[in-house]
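Visitor: At position 649 of the sequence shown the residue is numbered 649 (full-length UniProt numbering), and the sequence of numbers has no breaks. Structure provided below as structure tokens; questions to follow.
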Amino acid sequence: MTARAQPNHVDTQMLDSTGRQRVVIEGVRPEIDCGRFPIKRVVGEPVEVEADIFTDGHDLISAVLLYRHAEDEDWAEVPLVPLVNDRWRGEFVVTRLGRYHYAIRAWVDHFKTWHHGLQRKLEASQDVSIDLLIGADLIDAAADRAQQEDQSRLRAAAAALRADIQPAERAQIALDPELAALVARYPDTRFATLYDKGLTVVVEPERARFSTWYEMFPRSASPDPGRPGTLRDVEARLPYIAEMGFDVLYLPPIHPIGRTKRKGRNNSVVAEPGDPGSPWAIGAEEGGHKDVHPELGTLDDLRRLVQRARDFGIDVALDLAYQASPDHPYVREHPEWFRWRPDGTIQYAENPPKKYEDIYPFDFESEAWRELWEELASIARFWIEQGIRIFRVDNPHTKPFAFWEWFIDSIKRDYPEVIFLSEAFTRPKVMYRLAKLGFSQSYTYFAWRTTKHELIDYFTELTQTDVHDYFRPNLWPNTPDILTEQLQHGGRPTFMSRLVLAATLGASYGIYGPPFELMEHVAVAPGKEEYLNSEKYEIRHWDIDRADSLRPFIARVNRIRREHRALQSNRSLQFHRIDNDQILAYSKVAPGEDSIVVVVNLDPHYTQSGWLELPLERFGLDPDQPYQVHDLLTDAYYLWQGAWNYVELNPSRVPAHILRVKRRLRTERDFEYFM
């Protein structure tokens, strides 16, 4: 099938638009807002498509799934197969970055209907002489549509059905499976129904689905107390980050920082001499969004860091914070990009009663909005040219949706491998809209989902509904802005359990370090989620070699993630019953591999136990045979049998199990673990 119509639509000129289109297509999945937004996949993933497809009467129908990459002209097709109750399914695999388009075509299949009726009549010992002649006409019609070499075979079959031989011989020819397959290659689609709402798939790199992020402030990377860190110091920290198993290193803004209204320590409105200011107050005499803070180094240092990080299997991610300090060159050169108040001053950022006088938001309703959009896009393009392919976008929900749709689409047209993480802690519909508009990954409410009920409800929504097709969660137990009450008071067990939850509930997660591995937990004030002595406002020195660091535990968890494919996606997540509200249990599976069951004690203070029920059929287990589970965190082995088994977790030791379920005991030697 060839189409040269609009780039995201099947050529409808080939279809008869009269009332002879009898097939109905509805209930198509996946489909986001009637095709208004694309679904998301990564290279190598299947796109499974289902639809309700039916017609009037008793005629049989055929249906195909059409798909093509946006750069291709020809459509490929795969057959849809019937399930139950007029539900059909098919799939194709996306193999290239960029956009794919897909549609469904279905028609009344007269040959299939005839073939089925012929079988029924023969079974009832009815006369089929006329039916064979009807079949011959249908085969001749297929021959008219066939290629030359198949045409002769079809003509011969049609002639055989009209030949003066016994009906039984002709019926045997008519029911030949090879003949049916040949006719199916040349269907009569004159009156086919086409379901095409511009359905689209955005295909991104695998890291968009599975990634492990580590956030750190370069200015606090110095090994020497009293000396600010540099990008070279970050480079020296790469072995440490790689050893823990992270593959994305995210740096907060690395640009010059404004001096006007600079914030002091602990968010003080008055800065003392030597206070470095907030990295998000971007812009000074030294430059703006396309410059590196001189104290951190140079563009060459950044390029070197990017290349050296790749040697460790790490991608460097930069922050896109679209705002300006009062000292930013934009304020002088483009005052029309800002909102002016009646007193002749520029409107600073605020969320009453909070004031952020060191930051000026851009005015997206300015008469010069087109020029503003182009400049903001040029910032991303500049850093892409330096080798950056991942961006964490600061507060995208405070900028127009239309801007983000245009911005992401324009960047991805030239750089389909670029990944954007949305840092929008806001209302659910806003977060979902941003994901639909093109953000590859999104921050979530995970930090504040702490009870068993909350976690089950939230992650069921994220992974088992249509949300899964466009919203990829990236789970963070902490950020420079978020030190939850749970982390403040739960001690080491809470840091460990929240890490396991983040790393196994989600295929992508991140931590803000070194505060996380060093279990920094003191808030600036009771009831606040801000860190005391926050790195956002001062330079810190971290003893990353501290004996009590969670570094080895983090490394083990991340190694488990890398070695077990089940943990590298979200769709297979399933929660399991356990008779204790302080214990959460769930599993993930990958076809053809051993499965992973995770059990987490949500109580940081007391040992909790319970009976866990596993659906044995999910794991391919025989209810009458014992099976082995291997705790990948502690290297302990347990022999289980049946659906119900006992678990007990002491938070002062390890508050979680990550269990590899072996489908069966392979040899008698496996029993040695239990002797």
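All residues carry an ideal CB built from backbone N, CA and C; glycine is no exception.
#1: Pick from 529, 377, 619: whose alpha carbon is nearest that of residue 572?
#2: What does the Cβ neighbour count give for residue 657, buried or exposed, with the cut at 16 atoms within 10 Å?
#3: Is the separation between the beta-carbon of residue 633 and that of residue 627 shorter than 8 Å?
#4: Using alpha carbons as the reference points, say which of 174, 531, 330 lies closest to residue 114.
#5: What three-state label does DSSP hand residue 625 in the structure shown?
#6: On a CA-only basis, which of 198, 194, 242, 146 is nearest residue 182? Give me that one, please.
#7: Residue ranges of each beta strand (DSSP E) run of no fewer than 3 residues wholly in the region 216-240, ordered along the chain?
#8: Step through the CB atoms of chain D and report whether any lies within less than 8 Å of the CB of residue 454.
#9: Taking its Cβ as the centre, do 16 or more other Cβ atoms sit within 10 Å of residue 165, making it buried, or is it exposed?
#10: Looking only at its chain, what residues have a beta carbon closer than 7 Å to the beta carbon of residue 240, apart from the 5 residues adjacent to it on each side?
#11: Just curious, the beta strand (DSSP E) that residue 414 is in, first and last residue?
#12: Determine the DSSP secondary structure at residue 537, reduced to helix, strand or coil.
#13: Kindly indicate which three-state DSSP category residue 166 falls into: helix, strand or coil?
#14: Quick check on the DSSP output: the beta strand (DSSP E) that includes residue 193 runs from which residue to which?
#15: Could you give the DSSP three-state label for residue 87: helix, strand or coil?
#16: Considering only DSSP beta bridges, list what residue 126 is partnered with.
#17: Take residue 535 as the anchor and find which of 215, 108, 23, 129 has the nearest alpha-carbon.
#18: Measuring straight from C-alpha to C-alpha, what distance separates residue 354 and residue 555?
#19: Using DSSP bridges, identify the partner residues of residue 52.
#20: Pair every Cβ in the region 562-572 with every Cβ in the region 509-519, then say whether three or more of these pairs are closer than 8 Å.
#21: Suppose you measure from the CA of residue 344 to the CA of residue 363; what does that come to, to the nearest Å?
#22: Can you grab the Cα-Cα spacing for the pair residue 99 / residue 153, in whole Å?
#23: Hey, is the region 272-280 in contact with the region 255-263, meaning 3+ C-beta pairs nearer than 8 Å?
#24: On the three-pair Cβ rule with 8 Å, is the region 380-393 touching the region 357-372?
#25: Hey, how far is the Cα of residue 590 from the Cα of residue 209?
#26: Reducing DSSP to helix, strand and coil, say where residue 82 ends up.
#27: Report buried or exposed for residue 655, applying the criterion of at least 16 other Cβ atoms within 10 angstroms of its Cβ.
#28: For residue 440, which residues from the same chain have a beta carbon less than 6 Å from its beta carbon, with the 5 sequence-adjacent residues on both sides left out?
#29: Let's see if you can read the secondary structure: which residues bound the beta strand (DSSP E) around residue 657?
#30: Note down the Cα distance separating residue 7 from residue 329, rounded to an integer number of angstroms.
#31: Which partner residues of residue 101 appear in the DSSP bridge assignment?
#32: Report, in whole angstroms, the separation of the C-beta atoms of residue 389 and residue 417, which I expect to be a contact under 8 Å.
#33: May I ask you to list the residues that DSSP assigns as paired with residue 114?
#34: Indicate the three-state DSSP secondary structure (helix, strand or coil) for residue 674 in the structure shown.
#35: Let me know the beta strand (DSSP E) ranges lying completely inside the region 278-323, each 3 residues or longer, listed in chain order.
#36: Relative to the C-alpha of residue 194, which residue among 297, 251, 64 is closest?
Guide: For this structure:
#1: 619
#2: buried
#3: no
#4: 174
#5: coil
#6: 146
#7: none
#8: Of the protein chains in this structure there is only one, and it is not chain D.
#9: exposed
#10: 544
#11: Taken as a continuous stretch (DSSP letters only), residue 414 belongs to no beta strand (DSSP E), being part of the alpha helix (DSSP H) at 401-414.
#12: coil
#13: coil
#14: 193-204
#15: strand
#16: None; residue 126 has no bridge partner.
#17: 215
#18: 39 Å
#19: 26, 87
#20: no
#21: 15 Å
#22: 40 Å
#23: yes
#24: no
#25: 15 Å
#26: strand
#27: buried
#28: 204, 208, 419, 420
#29: 656-661
#30: Summary for residue 7: the model assigns pLDDT 48, below 50, so the residue's position carries little reliability; its value from the coordinates is reported in the next sentence. Distance between the alpha carbons of residue 7 and residue 329: 41 Å.
#31: 68, 200
#32: 6 Å
#33: Note: residue 114 sits in no beta bridge, so no partner.
#34: Unreliable positioning characterises residue 674 in this predicted model, as indicated by a pLDDT of 35, which lies under 50. A coordinate reading is not provided.
#35: 315-320
#36: 64
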